[in-house]
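Novice: Dumping the structure here so I can ask a few things about it.
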Amino acid sequence: MQDQETRGFQSEVKQLLSLMIHSLYSNKEIFLRELISNASDAADKLRFRALSSPELYEGEAELRVRLSFDKDKRTLTLSDNGIGMTRDEVIDNLGTIAKSGTKAFLDSLGSDQSKDSQLIGQFGVGFYSAFIVSDTVTVRTRGAGVASELGVFWESKGEGDYNLATITKEDRGTEITLHLKEGEDEFLNDWRLRSIISKYSDHISLPVELECKNKDENQEGSETEKNNLPDKTQTVVTWEKINKAQALWTRRKSEITDDEYKAFYKHITHDFTDPLNWSHNKVEGKQEYTSLLYIPAQAPWDMWNRDHKHGLKLYVQRVFIMDDAEQFMPNYLRFIRGLIDSNDLPLNISREILQDNEVTQNLKSALTKRTLQMLEKLSTEDSEKYQQFWQQFGMALKEGPAEDFVNKEAVAKLLRFASTYTDSSLQSVSLEDYLGRMNEGQEKIYFITADSYAAAKNSPHLELFRKKGIEVLLLSDRIDEWMMSYLTDFSGKSFQSISKSDESLNKLADEDHHGEQKEIEQALQPFIERVKTLLGERVKEVRFTHRLSDTPSIVTTDTDEMSTQMAKLLAAAGQKAPEVKYIFELNPNHLLVKRASEVSDDTLFAQWINLLLDQALLTERGTLDDPNQFLRAVNELLMA
Numbered sequence: 001m002q003d004q005e006t007r008g009f010q011s012e013v014k015q016l017l018s019l020m021i022h023s024l025y026s027n028k029e030i031f032l033r034e035l036i037s038n039a040s041d042a043a044d045k046l047r048f049r050a051l052s053s054p055e056l057y058e059g060e061a062e063l064r065v066r067l068s069f070d071k072d073k074r075t076l077t078l079s080d081n082g083i084g085m086t087r088d089e090v091i092d093n094l095g096t097i098a099k100s101g102t103k104a105f106l107d108s109l110g111s112d113q114s115k116d117s118q119l120i121g122q123f124g125v126g127f128y129s130a131f132i133v134s135d136t137v138t139v140r141t142r143g144a145g146v147a148s149e150l151g152v153f154w155e156s157k158g159e160g161d162y163n164l165a166t167i168t169k170e171d172r173g174t175e176i177t178l179h180l181k182e183g184e185d186e187f188l189n190d191w192r193l194r195s196i197i198s199k200y201s202d203h204i205s206l207p208v209e210l211e212c213k214n215k216d217e218n219q220e221g222s223e224t225e226k227n228n229l230p231d232k233t234q235t236v237v238t239w240e241k242i243n244k245a246q247a248l249w250t251r252r253k254s255e256i257t258d259d260e261y262k263a264f265y266k267h268i269t270h271d272f273t274d275p276l277n278w279s280h281n282k283v284e285g286k287q288e289y290t291s292l293l294y295i296p297a298q299a300p301w302d303m304w305n306r307d308h309k310h311g312l313k314l315y316v317q318r319v320f321i322m323d324d325a326e327q328f329m330p331n332y333l334r335f336i337r338g339l340i341d342s343n344d345l346p347l348n349i350s351r352e353i354l355q356d357n358e359v360t361q362n363l364k365s366a367l368t369k370r371t372l373q374m375l376e377k378l379s380t381e382d383s384e385k386y387q388q389f390w391q392q393f394g395m396a397l398k399e400g401p402a403e404d405f406v407n408k409e410a411v412a413k414l415l416r417f418a419s420t421y422t423d424s425s426l427q428s429v430s431l432e433d434y435l436g437r438m439n440e441g442q443e444k445i446y447f448i449t450a451d452s453y454a455a456a457k458n459s460p461h462l463e464l465f466r467k468k469g470i471e472v473l474l475l476s477d478r479i480d481e482w483m484m485s486y487l488t489d490f491s492g493k494s495f496q497s498i499s500k501s502d503e504s505l506n507k508l509a510d511e512d513h514h515g516e517q518k519e520i521e522q523a524l525q526p527f528i529e530r531v532k533t534l535l536g537e538r539v540k541e542v543r544f545t546h547r548l549s550d551t552p553s554i555v556t557t558d559t560d561e562m563s564t565q566m567a568k569l570l571a572a573a574g575q576k577a578p579e580v581k582y583i584f585e586l587n588p589n590h591l592l593v594k595r596a597s598e599v600s601d602d603t604l605f606a607q608w609i610n611l612l613l614d615q616a617l618l619t620e621r622g623t624l625d626d627p628n629q630f631l632r633a634v635n636e637l638l639m640a
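Heads up: the sequence shown at position 136 corresponds to 136 in UniProt numbering, and the numbers run straight through without jumps.
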């Protein structure tokens, strides 16, 4: 060995190893799935690079992964002849976790082992899963096309550091030897290894071969190796393929079981949970491609990180091209996992060419519609599963109306809301549900946006709608106001914010108020003029309203004015929003408004009006420019 050195693990690796070993111990057999999956990826990468550099095969184009064990030494060895690694790649891949936000994610894990197991499963453990069953792991590797004397030796006990050295390795690829812990002898058993590989790796296209040792004087074969022993009896080593080694998506759907679909999902995603649903389709005609799309059961830990990688695995004519090809899905469907295998794209396609390729755009359109159909089917056939999906990915789907105008109606069908009908914060009401419950003659779909469900549910703007028995959608996610600026109508019915001024709202409010009420308002008109004079430019307009029953005043905005929630959204994004000019609306039947109208002292009158306005602003915005001034005014009026 040459150039020997000892290096420390990145701190995140040490933390991950500790958490993983304790959290995943009950499902420890997954280490084999993870290592075989990595070997499969290494083979895919070699095939792709060899398209332009066939010399990388080094005369050996038959790719495979081999598994052997030694009961005496208590070792399990997995080797592949894929792309291999250089020294720098070993340091990058086995010593660090190059994922943005890793530190914050690991810090968020607590001591609840069942919770940790779920979250670690979302993270994907890959190579490090070897330490679940091993006290020492040894790696010998050489990159394809690299000189044999530049092989790399890596060894670690999974604690604070690892050893690194340069070795001579004649064959390319990676060999991983696991020195098993006490009590892990089950993985030194032929039958046990076969069952694990059958369970997790039967579907991958890379042959998985298990070493079979037999004492035989005459056995021969292309996959047979013999040890030269002094006597006539020789130990014959035969490599037996123990998986189907046929890419799952190339098989007929009728031949594939649900368990195989689930296992393949875990293979390509490194997720520990089963998917909620999937869609497997082969399309022939103007374009020829096969797609296998999965809806995960839970969101990845870093889905909201701007550096989060997403997209489909891309194959061209069954040759792996790239991971995370985001060009085939709109961003609001970034949670979809799976692959596409196209017959129409060139084998030397790049990400840059994909972006502007007409075939890519057509495939994106087709896959988007396929995904939306899959989600609609899930929503109609299994509402419980769809609700699980919505809780995990609903926020992403809400980006759809703004991003995908062509499919806006289809996306709108999939949206879910809380509403006054359910009296629950659970977002479970569809727009079709709402339309089915609309009152006779109701012109619009009514909604309100607020900072929280409680603020929306208790808004004074709802008083009229409760009285009339009209359902209102309660929107409290930060993205909702932005979404509704793009979602203007559904099935011929337009949306209307109940915190805005609108003719349909005025019609609803005024239809029960005639005669005597009009006389009261006319008598109080001088009061309205006095309020206008007092407030001046602080408000856009002052008027009476019939929307209220228990509240003295509210503020609203004109239909074409920016809403409060949109102004907050812009401010949170660091953008300067124009000042919101409110309409100050007073309830002529409320005792406090009547009392204020009777005050003749200008100072006291100003206190009353400012108090009523601040109350309305506090309800609408959740904050005041000067809350201390508001409290002083309340105290002074209480003591008056």
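Beta carbons: idealized from backbone N, C-alpha and C, even for Gly.
Please report the residue range of the beta strand (DSSP E) in which W154 lies.
Specialist: W154 -> beta strand (DSSP E) spans 151-156.
Novice: Could you check if F335 is buried or exposed, using at least 16 other CB atoms within 10 Å of its CB as the buried criterion?
Specialist: Answer is buried; the Cβ neighbour count reaches 16.
Novice: Using 8 angstroms for Cβ pairs, my map puts A402 next to M483. What's the rounded Cβ distance?
Specialist: About 7 angstroms; that satisfies the 8 angstroms criterion.
Novice: Taking I498 as the reference, which of I479, F490, I445, Q373 has the closest Cα?
Specialist: When only C-alpha atoms are compared, the closest one is I445.
Novice: Does the separation of the CB atoms of G173 and D41 fall below 7 angstroms?
Specialist: Cβ distance not < 7 angstroms, so G173 and D41 don't count as in contact.
Novice: Is it buried or exposed for Q522, if we count other Cβ within 10 angstroms and need 16 for buried?
Specialist: Its Cβ having fewer than 16 others within 10 Å, Q522 is exposed.
Novice: So, helix, strand or coil for S392, using DSSP?
Specialist: The sequence given here places Gln at residue 392; Ser does not occur at that position. Note: Q392 maps to helix in three-state DSSP.
Novice: Does the Cβ of P54 have 16 or more other Cβ atoms within 10 Å, making it buried, or fewer, making it exposed?
Specialist: So P54 ends up on the exposed side.
Novice: Using 8 angstroms as the Cβ pair cut-off and three pairs as the minimum, do the stretch 415-422 and the stretch 430-437 touch?
Specialist: Touching, yes, given that three or more Cβ pairs across the two stretches are closer than 8 angstroms.
Novice: Figure out for me which residue from G82, K500, L464 has the closest Cα to the Cα of E175.
Specialist: If we check each option's Cα against that of E175, G82 comes out closest.
Novice: On the CB-based measure, 16 or more other CB atoms within 10 Å of its CB, does E620 come out buried or exposed?
Specialist: Buried, because 16 or more other Cβ atoms sit within 10 Å of the Cβ of E620.
Novice: Around the C-beta of N458, are 16 or more other C-beta atoms found within 10 angstroms, so that it is buried, or is it exposed?
Specialist: N458 should be labelled exposed.
Novice: Can you name the residues that DSSP bridges to K444?
Specialist: According to DSSP, which records beta bridges pairwise, K444 is partnered with S494.
Novice: Taking the alpha helix (DSSP H) that V531 falls in, what are its first and last residues?
Specialist: Run containing V531: 525-535, per the alpha helix (DSSP H) assignment.
Novice: What residues are listed by DSSP as bridge partners for Y289?
Specialist: According to DSSP, Y289 bridges with V283, S342.
Novice: Report yes if the C-beta of H590 is less than 6 angstroms from at least one heavy atom of the ligand MG; otherwise report no.
Specialist: Because no ligand of any kind appears in the structure shown, any question about the ligand MG cannot be addressed here.
Novice: With C-beta atoms as the reference, is V542 less than 7 angstroms away from I554?
Specialist: Going by C-beta atoms, V542 is not nearer than 7 angstroms to I554.
Novice: Mind checking E217: buried by the 16 CB within 10 Å criterion, or exposed?
Specialist: Note on E217: pLDDT 44, under 50, position unreliable in the model; the coordinate value appears next. Looking at its Cβ environment, which holds fewer than 16 other Cβ atoms inside 10 Å, E217 is exposed.
Novice: Evaluate S222 with the Cβ neighbour count: other Cβ atoms within 10 Å of its Cβ, from every protein chain shown; 16 or more gives buried, anything less gives exposed.
Specialist: Confidence at S222 is low in this model, with a pLDDT of 43, below 50, so the placement of that residue is unreliable and no value is reported for it.
Novice: Do L333 and A325 come within 7 angstroms of each other at the CB atom, strictly closer than that value?
Specialist: No; because the gap between Cβ atoms is not below 7 angstroms, this pair is not in contact.
Novice: If you run the structure through DSSP and keep just helix, strand and coil, what is Q2?
Specialist: Strand.
Novice: From K286 to I321, what distance separates their C-alpha atoms?
Specialist: Looking at the two C-alpha atoms, the distance is approximately 22 angstroms.
Novice: Is Q4 buried or exposed, if buried means 16 or more other CB atoms sit within 10 Å of its CB?
Specialist: Q4 should be labelled exposed.
Novice: Which whole-angstrom value describes the C-beta separation of T449 and Q565, a residue pair presumed to lie in contact below a C-beta threshold of 8 angstroms?
Specialist: Their Cβ separation, rounded to whole angstroms, is 4 angstroms, which keeps T449 and Q565 in contact under 8 angstroms.
Novice: Could you tell me whether the Cβ atoms of S549 and E463 are closer together than 7 angstroms?
Specialist: Yes, they are a contact pair.
Novice: Please report the straight-line C-alpha distance between V472 and N38, rounded to a whole angstrom.
Specialist: Their backbone Cα atoms lie some 51 angstroms apart in a straight line.
Novice: Cβ of L363 within 7 angstroms of Cβ of I196?
Specialist: Going by C-beta atoms, L363 is not nearer than 7 angstroms to I196.
Novice: Could you give the C-beta distance for L604 and F584, rounded to a whole number, given that I count them as a contact under 8 angstroms?
Specialist: In fact, because the Cβ distance is near 19 angstroms, the residues do not count as touching under 8 angstroms.
Novice: Within the continuous beta strand (DSSP E) that includes G173, where are the two ends?
Specialist: Note, G173: beta strand (DSSP E), 173-180.
Novice: Is the beta carbon of V65 less than 7 angstroms from the beta carbon of V152?
Specialist: Contact: no.
Novice: Using a Cβ-Cβ cutoff of less than 7 angstroms, which residues in the same chain neighbour L587 once the five nearest sequence positions on both sides are dropped?
Specialist: With the sequence shown as reference, residue 587 is identified as Asn, and Leu is not the correct amino acid for it. T545, L548, T551, P552, S553, V593.
Novice: With C-beta atoms as the reference, is G338 less than 7 angstroms away from L293?
Specialist: Yes.
Novice: Does the Cβ of D480 have 16 or more other Cβ atoms within 10 Å, making it buried, or fewer, making it exposed?
Specialist: The residue in question, D480, is buried, as its Cβ has 16 or more Cβ neighbours within 10 Å.
Novice: Only counting the same chain, and skipping five residues up and downstream in sequence, which positions put a Cβ closer than 8 angstroms to that of E376?
Specialist: Excluding positions up to five away in sequence, the list reads A410, K413, L414.
Novice: Would you report the Cα separation of K468 and D558, rounded to the nearest angstrom?
Specialist: Roughly 23 angstroms separates the two Cα atoms.
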